[in-house]
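Residue numbers (the working numbering): 1 to 671.
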């Protein structure tokens, strides 16, 4: 028997494992399980053809409503049962239950695994990143990672795999939990994301009958995770999602739609207010009343709707890194009290915001001794210390109570409506306190962290939460399904930021992706427009010494804010396109399009070394006459645009000499 689920075929043979595949794809078992007593069918380090995965047999299926399919599997030898829940044609999670009489030690469970077509036909799109250099994506033939070994003459599956992993709690700190496989022959593309705020793994490789993809959360081999299951006990994997579309853009569009379906309801989803944050290239963690008041006035005049006081508001000097944790306003920074600053923000009709790093307690903080030692992540009875900070363990009620008190006090005492929740350390493998292994303790903490976020928003449903981890180091959809705004980077060089912003919609919704726009008085007008454009095809996130600018410079910033506000209502329904292909870190030209119904918002950035002309591929508009309108900036040098309807190509010619220049266009069918 076979079941159809979206563009996948689920086969349920009586004498073999249940498989989920694209048409013509490999017969990869849907669920793979490693236990201490049952490993892999052949020696390897991959999650394909595990012994239990091979033995699982179909035990039934059911539909819940119109968008959920449950598939039940059972292995009679181990006594393990699996229930795979597919929701909305995209999201998957698996629950393993021990129905046998003996305990079982789990060492790894896939959320799901799927069969793909011939590896020869597949390109892999994957993303690397690091602090200041997030979102560096490449497209390469899968054969670069899975050489042709002529498995057929050996009559066995391969042993190798291309595995991408993330350790600790910076879930996007080095590699992306998102990827895409594109079939060059059929055009079909499969995109995925592992939705977890901790360790994860995805892998792809070659079987005897084609390619495969396996998605997991933490595992023993990668993350020191194991989970004992006594008789009757269950374990549920982290969720993951798989979307299918035509080509890279089609698969990303499908995943974009799915991400929107994951979002918690919140008024911010429609409002998308412009945020001004005082940190980047501005106060840099040293706010005072004297510095803030003129900046607040200037931000309001520019059109900002939220003003966030960033780091430093809680300490009397600049050596606060290892003393944070109480989150009480500094008296010396704010002689009239923090309320004077908050009142000034509110007097302009802006929402007041504050920066917090809730999960850490500095080693010099009084809270380090006030909280019980069990309220911190630890190994071997010693509290973990990273960069002068302890890390709270949100499994412990005292840790949760402390953070709840902080958030509730700031909201109720100061009327804070925006919290930037930063996260600047990574505790590594996890905690072995009250856990069978460090990775198991970390997984339970990760899940407790999500419950804490849910609790905040249950109590304060209008509070806007920004997700930041030294920029984009924890930008996963366990976090982003709950939080409204995502910082994309800490990159301070305006010339290097555009590739980060252009790549962001591969992994973050445009309406959540906050890329800094930090215009400065020493910049040329073209440079001001350049950095403003960097933030405009996402959540416009302002900083900069607006209070020290000339009238003309302030007008240019104000024009950019107004242009963003004129298009933001469309952002939450756009899908991204990349008219120049995936952005390279050093590319002289960069471009991002956001397509909304019959309108395309197009950003173009020219960098040092670029020529004066380029041609953009807008094939989704092929065959249509269009109107090209400059949204921003309108008063600087005009660029020339020539549209070729037959090919869907737009040729752009610049008219200025500044090596850094950018434009935001609106392209619509001619009426």
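Cβ coordinates follow ideal geometry from the N, Cα and C atoms, glycine included.
In this structure, residue 360 lies near residue 425, with their beta-carbon atoms less than 8 Å apart. Counting only runs of 3 or more residues that sit fully inside the region 269-323, the beta strand (DSSP E) segments are 275-277 and 306-309, in chain order.
A check of alpha carbon separations from residue 357 across 62, 285 and 207 identifies 285 as the nearest.
Around the C-beta of residue 126, 16 or more other C-beta atoms lie within 10 Å, and the residue is accordingly described as buried. DSSP places residue 8 in the strand class (E or B) of the three-state scheme. For residue 390, DSSP records a beta bridge to 361 and 385. Residue nearest to residue 335 within the set 354, 346, 351 and 314 is 314 (criterion: CA-CA distance). Distance check between residue 436 and each of 447, 74 and 380 places 380 closest, using alpha-carbon atoms only. Spanning the alpha carbons of residue 211 and residue 91 requires a straight line of approximately 21 Å.
Here residue 29 is bridged, per DSSP, to 19.
In this structure, 5 is the residue among 5, 107, 53 and 626 with its C-alpha nearest to the C-alpha of residue 63.
For residue 425, there is no enclosing beta strand (DSSP E), since its DSSP letter is neither H nor E. A distance below 8 Å separates the beta carbons of residue 532 and residue 560. Secondary structure of residue 228 (DSSP, three-state): strand. If you look at residue 531, you'll find it in the alpha helix (DSSP H) that goes 525-536. In terms of Cβ geometry, residue 589 and residue 582 do not form a close pair [threshold 8 Å].
By the C-beta density criterion, residue 536 is buried, having at least 16 other C-beta atoms within 10 angstroms. DSSP places residue 98 in the uninterrupted beta strand (DSSP E) bounded by 91-98. For residue 347, the three-state secondary structure derived from DSSP is helix. Along the length of the region 100-167, whole alpha helix (DSSP H) runs at least 4 residues long occupy 151-154, reported in chain order.
Annotation: the continuous beta strand (DSSP E) that includes residue 60 extends over 57-64.
The alpha-carbon separation between residue 21 and residue 114 amounts to approximately 5 Å. A contact is defined here as three or more CB-CB pairs under 8 Å, and the region 198-206 fails this definition with respect to the region 49-61.
Bounds of the beta strand (DSSP E) holding residue 603 are 599-606.
At a Cβ-Cβ threshold of 8 Å, residue 309 and residue 362 do not count as neighbours. Remark: C-beta atoms of residue 8 and residue 214 do not approach each other more closely than 8 Å. With a cutoff of 8 Å on beta-carbon distance, residue 478 and residue 258 are scored as not near each other.
Around the beta carbon of residue 153, fewer than 16 other beta carbons sit within 10 angstroms, so the residue counts as exposed.
The Cβ atoms of residue 281 and residue 520 lie closer than 8 Å to each other.
With respect to the C-alpha of residue 244, the residue from 231, 190, 283 and 144 having the closest C-alpha is 190.
In this structure, residue 81 keeps its C-beta atom at 8 Å or more from the C-beta atom of residue 69. In this structure, DSSP gives residue 477 a helical state, which the three-state scheme calls helix. Around the C-beta of residue 168, 16 or more other C-beta atoms lie within 10 Å, and the residue is accordingly described as buried. Remark: C-beta atoms of residue 417 and residue 462 approach each other more closely than 8 Å.
Each of 337, 405, 45 and 565 was checked against the Cα of residue 271, and the nearest Cα belongs to 565.
Taking residue 622 as the centre and dropping the five residues before and after it, the same chain places the C-beta of 648 closer than 6 Å to its C-beta, in chain order.
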